[in-house]
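Inspection log for the structure reproduced underneath, given as structure tokens.
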Amino acid sequence: MARIAYVNGRYLNLAEAAVNIEDRGYQFGDGIYEVFFAYRGRLIDEALHFARLERSRQKIGLEAPMGEAALRVVMHELMRRNRVETGLVYLQLTRGVARRDHAFPSPPPRPALTLTVRPKPEPPEELSSWGAAAITLPDQRWGRCDIKSVNLLPNVLAREAAKQAGALEAILFDEAGVVTEGASSSVWIVGADNILRTRALDQHVLPGCTRAALLGDVAAEGMDFREEGFSLEALRGAREVFITSATSFVKPITRLDGLPVGNGAPGLLASRLYARYLARLKEG
Ligand SMILES: Cc1ncc(COP(=O)(O)O)c(C=O)c1O
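No gaps in the numbering here: position 146 of the sequence shown is 650 in this note's numbering, and each next residue is one more.
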């Protein structure tokens with residue numbers, strides 16, 4: 505079936521969907537994006553994703569191309585036209601088309617809004633055979649990783665390095681040896697002290713929507729939890745490591761830099777949190 509994209513007000517076959525060569529997203533990476541997981545026609549954690557989109561938009565001084573309600577209509581229409589009920593909705597918003605010049609164009613051009621959808625298999629019923637490998641790498645990104653900007657070259661290079669090493673994700677660490685996040689995920693560990701940790705939010709990490717949603721599950725499970733950073737050493741000595749994102753849900757990392765994490769199988773806390781995540785998906 506032909507895939508349909510949304511491009512600045514029009515629904516087009518993907519083969520014909522194109523943006524102007526002078527679009528500032530293409531020229532400068534002057535834009536932001538969001539990725540939503542749709543499960544059986546529902547956008548998961550949608551309020552969190554819309555709120556982050558709004559924050560990213562304001563932080564780079566972009567005009568809103570349309571209100572949230574209209575955006576929702578477009579997203580559902582695009583899913584309908586693509587006959588996708590469970591999948592990923594990718595949304596990109598750039599500063600639009602203008603003669604190439606670094607500073608913001610004046611007057612501001614119309615922001616360019618594009619969306620695509622693709623199907624994704626339903627999440628597995630449980631995690632037992634769902635472990636993945638990760639590698640660790642220095643974080644070479646910029647100082648405003650809290651903005652979901654389309655400038656992803658360091659993330660792309662990190663993920664390629666992971667792929668070359670036969671791993672799924674690259675877990676990044678800063679110059680002080682403190683873990684920031686994955687190339688496209690939030691990172692959690694259960695330490696040797698049995699405490700669950702994920703780094704507190706600051707400008708060096710993206711505020712993950714799955715992370716935010718999971719904090720409620722952590723509280724509901726009464727887990728021993730601290731929102732604080734942890735070192736590469738703590739990551740390497742962890743009993744459990746898992747990542748979260750709209751695309752990877754709750755994914756155990758069972759091998760790190762070629763060595764097993766804990767006993768090499770998905771851990772108990774990740775499994776409990778995944779069960780809650782799945783229940784939320786199904787209950788709506
Ligand atoms: C750098 C980075 N951190 C964290 C996440 C997880 O965010 P979310 O749970 O909203 O998908 C992503 C998702 O793409 C990401 O790219």
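Yeah, the Cβ is synthetic: ideal placement off N, Cα and C, and Gly gets one too.
CB-CB under 8 Å to residue i, same chain, minus the five flanking residues each way: which ones, in chain order?
| i | result |
| --- | --- |
| VAL663 | Looking at the sequence provided, one finds Arg at residue 663 rather than Val. Excluding positions up to five away in sequence, the list reads GLU673, ALA674, ALA687 and SER688. |
| TYR515 | ILE508, ALA509, GLU581, LEU582 and ARG585 |
Exposed or buried, residue i, counting other C-beta atoms within 10 Å across all chains shown (16 or more means buried)?
| i | result |
| --- | --- |
| GLU685 | buried |
| HIS606 | exposed |
| PRO612 | exposed |
| LYS786 | exposed |
| ARG560 | The question names Arg, yet the displayed sequence has Ser at residue 560. Under this definition SER560 is a buried residue. |
| LYS646 | Rather than Lys, the amino acid found at residue 646 in this sequence is Trp. Exposed, because fewer than 16 other Cβ atoms sit within 10 Å of the Cβ of TRP646. |
| ALA509 | buried |
| LEU763 | exposed |
| ASN517 | exposed |
| LEU641 | buried |
| ALA742 | buried |
| ILE747 | buried |
| ILE525 | exposed |
If you check the beta carbons only, do residue i and residue j fall under 8 Å apart?
| i | j | result |
| --- | --- | --- |
| PRO569 | LEU617 | yes |
| THR598 | GLY513 | no |
| GLY766 | ASN655 | no |
| VAL682 | SER735 | yes |
| GLN531 | ARG604 | yes |
| LEU566 | PRO615 | yes |
| ARG576 | LYS652 | no |
| GLU679 | ALA704 | no |
| VAL578 | LEU631 | no |
Less than 7 Å between C-beta atoms, sequence neighbours within five positions excluded: which residues of the same chain meet that for residue i?
| i | result |
| --- | --- |
| LEU700 | TRP692, VAL694, VAL722, MET727, ASP728, PHE729 and LEU773 |
| TRP634 | PRO628, LYS755, PRO756 and PRO770 |
| ALA738 | ILE693 and GLY695 |
Got a sec: does ligand 3 put a non-hydrogen atom nearer than 7 Å to the Cβ of residue i?
| i | result |
| --- | --- |
| ALA750 | Among the ligands modelled here, namely ligand 1, ligand 3 does not occur. |
For residue i, collect the residues of the same chain with a Cβ closer than 6 Å to its Cβ; drop the 5 residues on either side in sequence, then sort them by chain order.
| i | result |
| --- | --- |
| GLU538 | HIS553, LEU557 and LEU595 |
| ALA489 | Not covered by the structure: residue 489. The range shown for the chain is 505 to 788. |
Whether or not the stretch 663 to 678 and the stretch 695 to 702 are in contact is what I'm after, with contact meaning three or more pairs of Cβ atoms, one per stretch, closer than 8 Å; do they touch? No: fewer than three Cβ pairs fall under 8 Å.
Minimum length 4: unbroken alpha helix (DSSP H) runs contained in the stretch 653 to 690: Unbroken alpha helix (DSSP H) runs of no fewer than 4 residues, entirely contained in the stretch 653 to 690, are found at 657 to 668, following chain order.
Determine, using beta-carbon pairs with one atom in the stretch 524 to 544 and one in the stretch 579 to 594, whether at least three such pairs fall under 8 Å. The stretch 524 to 544 vs the stretch 579 to 594: in contact.
Uninterrupted alpha helix (DSSP H) stretches inside the stretch 550 to 613 (no shorter than 4 residues): Whole alpha helix (DSSP H) segments, 4+ residues: 550 to 563 and 572 to 586.
Please give the ranges of any alpha helix (DSSP H) in the stretch 713 to 738, keeping only runs that are unbroken, at least 4 residues long and fully inside the region. The alpha helix (DSSP H) runs lying completely inside the stretch 713 to 738 and spanning 4 residues or more are 713 to 724, given in chain order.
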